[in-house]
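According to my numbering, the residues represented by the sequence shown are 4 to 205, in order.
Beta carbons are placed, not taken as given, at the ideal position from N, Cα and C, and that holds for glycine.
Quick caveat: nothing in here was measured; it's all calculated off a predicted structure.
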Amino acid sequence: MREHAYIDSNIIILSHVSGEFYKIIFHSKILNNIDISRRGTMFPVSSTCMNIANRLTKLTCLTSTFSHNKLFSTSQCLMELRLRSRVRVIDNSPIGKAAATAGKPGKIMHIYNVAAVGRIGDKVMINIMGQKKKGYIVGCRQKQKTNVPRFDTNNVVLVEDSGTPTGTRIRHPLPSCLRHKKYGEKHSGEFTKILSIATKFV
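Here is the structure:
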């Protein structure tokens, strides 16, 4: 069976030998060059028309693939904690609950280390609900060392300027490595207050 095309208004349906059908919208100038009396009839398709149709079909499939995967509008999320990274407050502080309810996670404004990359145990300043708050990173999506858990979200516990936790209870588990003495010595015992309101360690 030869390849044919069925012309109906501004849509040409191409029929291949395999029996698959493709709908391709041609430019109005191309349709004007086709005899109107032959619209709605079957006629042999020239090689030039078939080449145009094949190219348009591949372009349509490629465009639909990109549109489905949204590769052109979004990029792969980075697991490192840098400036403007989104974090989730896991304590029961009022501002943390308000941010979770409104669907507006906090964003890191400053990281208190030389590398400017946040890791578990680092102190950060975040912008949450239009306010500046300090906190400690207690969970990361980044790949961790052996025996250090990896979380689905980047978690933060808010603290006041005096080092006292803003909330009274931490609702999610904390990594057990935070109980190591190096974190307490690094932050002048502020981690002891955070560990005292934790409910579970992993």
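- DSSP places LEU181 outside any beta strand (DSSP E), giving it a letter other than H or E.
- Buried is the label assigned to LEU177, since at least 16 other Cβ atoms lie within 10 Å of its Cβ.
- Fully contained in the region 81–168 are the following beta strand (DSSP E) runs of length 3 or more, in chain order: 89–92, 109–114, 126–131, 134–142 and 158–162.
- Residue environment analysis places VAL92 among the buried positions, since at least 16 neighbouring C-beta atoms fall within 10 angstroms of its C-beta.
- Around CYS180, the same chain offers VAL151 as residues with beta carbons nearer than 6 Å, after the five sequence neighbours per side are excluded.
- Taking a contact as a CB-CB distance under 8 Å, the pair LYS110 and ARG87 counts as one, their CB atoms being some 5 Å apart.
- The shortest C-alpha to C-alpha distance from GLY133 to any of ILE98, VAL127 and ASN116 is the one to ILE98.
- Listed in chain order, the non-local C-beta contacts of ASN116 below 6 Å within the same chain comprise ASP125, local neighbours out to five positions each way being set aside.
- For THR195, the enclosing alpha helix (DSSP H) stretches over residues 193–199.
- Relative to the Cα of ILE131, the nearest Cα in the group ILE200, SER199, ARG182 and ARG89 belongs to ARG89.
- Relative to the Cα of GLU193, the nearest Cα in the group THR202, LYS203 and ARG182 belongs to ARG182.
- Nearest Cα to ARG122 within the set PRO108, GLY106 and THR156: THR156.
- Taking each of MET112, LYS100, GLY106 and ALA105 in turn and checking the Cα distance to LEU84, the smallest one comes out for MET112.
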